[in-house]
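Enquirer: Numbering (this note's numbering), first residue to last: 1372 to 1455.
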Amino acid sequence: MLFRVGVHIVPRRGILDPQGKAIADALHSLGFDSLSSARVGKHIVLEMTASDESAAGVLARTMCSRLLANPVTEDFEISMVERA
């Protein structure tokens, strides 16, 4: 079966995120005082064949661990797994 998997990759907490800081500063200057922080990352949509949703999620996590996310500086989460 064909699956579509969404992956969010963001800098780890404590890692400098200049784009996120620039966005947070700009939003504060526009009056959005309730914002505590902003982080900028990547959103990747993968289409793959797998036997079921669980297998597609496992495969996507393996891809992130081995290539898509830098384990030293980035965290990732699987945002969705759905049949394509």
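All residues carry an ideal CB built from backbone N, CA and C; glycine is no exception.
(1) With 16 other CB atoms within 10 Å as the buried threshold, where does D1388 fall?
(2) Is DSSP giving R1410 helix, strand or coil here?
(3) Could you check how far apart the C-beta atoms of H1414 and L1406 are, in whole angstroms? I think they sit under 8 Å.
(4) Using DSSP with H/G/I as helix, E/B as strand and the rest coil, what is V1376?
(5) Can you give me the Cβ contacts of L1430 inside the same chain, cut-off strictly under 7 Å, excluding the 5 residues immediately before and after it?
Expert: Let me lay it out:
(1) It counts as buried.
(2) Here R1410 carries a coil assignment [DSSP, helix/strand/coil].
(3) Between H1414 and L1406 a beta carbon distance of about 20 Å is seen, past the 8 Å cut, so the two are scored as non-contacting.
(4) DSSP places V1376 in strand when its eight states are reduced to three.
(5) M1419, A1421, listed in sequence order.
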